[in-house]
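Residue numbers (UniProt numbering): 1 to 418. What follows is a set of notes on a single structure, which appears directly below.
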């Protein structure tokens, strides 16, 4: 590309036809308004205040990321004009080595434009961050915003779908309002469907704590909540709050889940700290020191391990309530279950919700990083050169996201709201 072609490609707005600028601006404004109005109308149509609050929190997140983007765009020239001694760039804080990145430098048109227009630092000095680096960071913020909001919506959709699948159990429990089931027949159904009570009290071996934990681990991969679980906890809720048997426990679960959405969407200060730490430690020397070139793979295992750990804990809470009920009242009696904070870690059920928030964010961040690295540096760059590891990370991330959204989060709502 000649110097003349480079100058033409970098033509400023002063030399750009006004019709082309107007078209681009119109498209951006129309798309933004359509997205914003569509979300607003959808939420108002649903008419759910807790869900509206969760959407407002996502809008606040987009506003924050938009402000960061505007601030970065406004200060790009000032940052790139700061020159520091080149010796600071000769250390080990580089994600890639120069040989790994030479092919990208040679094929980058943007690098030539930067050389033509940027302020030239004096000898042995370099820009603090180049224009190209700041533009790549700008795009990274954009990808994080889109990915995290999409994942948040995906999480809410799956969780609500799972809880709506319990509606038939609620209808069965309320059939006596139409005179179809008497009190005795309803107890008979409870007795036949209380599989969890039968299982956890069938033999001394099952009563063993380690065996119970193993069973709880494998249960989360199938039907994490079965009919017996729901009916047992529904009965406990009604008895503990002195409600009638006609109370719509399912609608209460939906409202509770929507309120919890406010706690698992958005970006908090600690999560931003995690992003900064991830960017800081994304260096070649640190990767080699800590875990070779597979550090990203081990980080991808963190949300998977947390999802499994939370699922086991929540299943164990329900199993504990079933065991206590069977030990005190027997199999066929209505048990006054006593859910309590002592069943959770540090007596804080909300700690589990914070971990769920981190899991969902880490999964979104993992996918956003992949898209950004592929977009900016190519599929064969030093970041993604181990294709098998990249594929495994993505599969684990999607699996953890689905399990957390469709199983762990609804299970948390059921186990903690009773």
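Glycine included, C-beta positions come from ideal geometry on N, C-alpha and C.
Residue i: first and last residue of the uninterrupted beta strand (DSSP E) it sits in
i           : result
residue 270 : No beta strand (DSSP E) contains residue 270, which is instead part of the alpha helix (DSSP H) from 269-280.
residue 83  : 83-85
For residue i, the residue or residues it bridges with in DSSP
i           : result
residue 412 : Answer by DSSP bridge pairing: none, since residue 412 is not bridged.
residue 125 : 85
Straight-line Cα distance separating residue j from residue i
i           : j           : result
residue 222 : residue 403 : 10 Å
residue 62  : residue 174 : 43 Å
residue 31  : residue 24  : 11 Å
residue 82  : residue 128 : 5 Å
residue 86  : residue 138 : 24 Å
residue 75  : residue 341 : 49 Å
residue 318 : residue 39  : 37 Å
residue 161 : residue 66  : 31 Å
residue 297 : residue 367 : 13 Å
residue 185 : residue 389 : Here residue 185 scores only 40 on pLDDT, less than 50, and its place in the model should not be relied on; the value that follows carries that caveat. Cα to Cα, residue 185 sits roughly 56 Å from residue 389.
residue 312 : residue 215 : 9 Å
residue 358 : residue 18  : 46 Å
residue 166 : residue 230 : 8 Å
residue 248 : residue 26  : 49 Å
residue 190 : residue 210 : Only weak support is given to the placement of residue 190: the predicted model assigns it a pLDDT of 47, under 50, and the value that follows is read from those uncertain coordinates. Near 28 Å, if we compare the C-alpha coordinates of residue 210 and residue 190.
residue 288 : residue 302 : Only weak support is given to the placement of residue 288: the predicted model assigns it a pLDDT of 45, under 50, and the value that follows is read from those uncertain coordinates. When rounded, the distance between both Cα atoms is 19 Å.
residue 386 : residue 80  : 32 Å
residue 419 : residue 72  : Past the boundaries of the shown model lies residue 419; the chain is included only from 1 to 418, so the question cannot be answered.
residue 58  : residue 163 : 22 Å
residue 240 : residue 253 : 16 Å
residue 413 : residue 53  : 18 Å
residue 398 : residue 148 : 13 Å
residue 224 : residue 280 : 39 Å
residue 227 : residue 244 : 20 Å
residue 353 : residue 259 : 12 Å
residue 250 : residue 406 : 16 Å
residue 391 : residue 15  : 46 Å
residue 156 : residue 150 : 10 Å
residue 84  : residue 41  : 51 Å
residue 328 : residue 269 : Residue placement at residue 328 cannot be trusted, given a pLDDT of 47 that sits under 50; what the coordinates show is reported in the next sentence. Using only the alpha carbons, I get a separation of about 46 Å.
residue 273 : residue 64  : 15 Å
residue 70  : residue 275 : 19 Å
residue 28  : residue 401 : 31 Å
residue 140 : residue 343 : 41 Å
residue 192 : residue 171 : In this prediction, residue 192 scores a pLDDT of 42, lower than 50, which makes its location untrustworthy; no coordinate-derived value is stated.
residue 233 : residue 169 : 12 Å
residue 379 : residue 154 : 26 Å
residue 383 : residue 242 : 58 Å
residue 426 : residue 381 : No statement about residue 426 is possible, as the shown extent of the chain runs from 1 to 418 and does not include it.
residue 121 : residue 130 : 11 Å
Top-ranked residue by Cα proximity to residue i, from the options
i           : options            : result
residue 356 : 389, 262, 343, 392 : 262
residue 124 : 215, 89, 136, 377  : 89
residue 237 : 417, 45, 398, 299  : 417
residue 68  : 142, 415, 54, 414  : 142
residue 371 : 280, 352, 299, 393 : 393
residue 314 : 350, 279, 300, 280 : 350
residue 35  : 146, 121, 362, 405 : 146
residue 419 : 391, 415, 381      : In the structure as shown, the chain starts at 1 and stops at 418, and residue 419 therefore has no counterpart that could be examined.
residue 363 : 60, 396, 344, 16   : 396
residue 219 : 22, 153, 411, 13   : 411
residue 256 : 37, 300, 159, 217  : 159
residue 132 : 246, 77, 154, 169  : 77
residue 369 : 144, 45, 307       : 144
residue 264 : 20, 56, 213, 22    : 56
The alpha helix (DSSP H) enclosing residue i, as first and last residue numbers
i           : result
residue 374 : 349-377
residue 237 : 227-240
residue 171 : 167-173
residue 153 : 131-164
residue 90  : Premise fails: residue 90 is in no alpha helix (DSSP H) and is neither H nor E.
residue 438 : Residue 438 lies beyond the residue range present for the chain, which begins at 1 and ends at 418; the question has no answer from this structure.
residue 262 : 249-264
residue 75  : Careful: residue 75 lies outside any alpha helix (DSSP H) and carries neither H nor E.
Contact test: residue i Cβ vs the ligand ZN heavy atom, cutoff 7 Å
i           : result
residue 216 : This structure simply doesn't include the ligand ZN, nor any ligand for that matter.
Practice item. Run through the region 16-72 for me and flag every whole alpha helix (DSSP H) of 4 or more residues, listed as ranges in chain order. Key: 18-46
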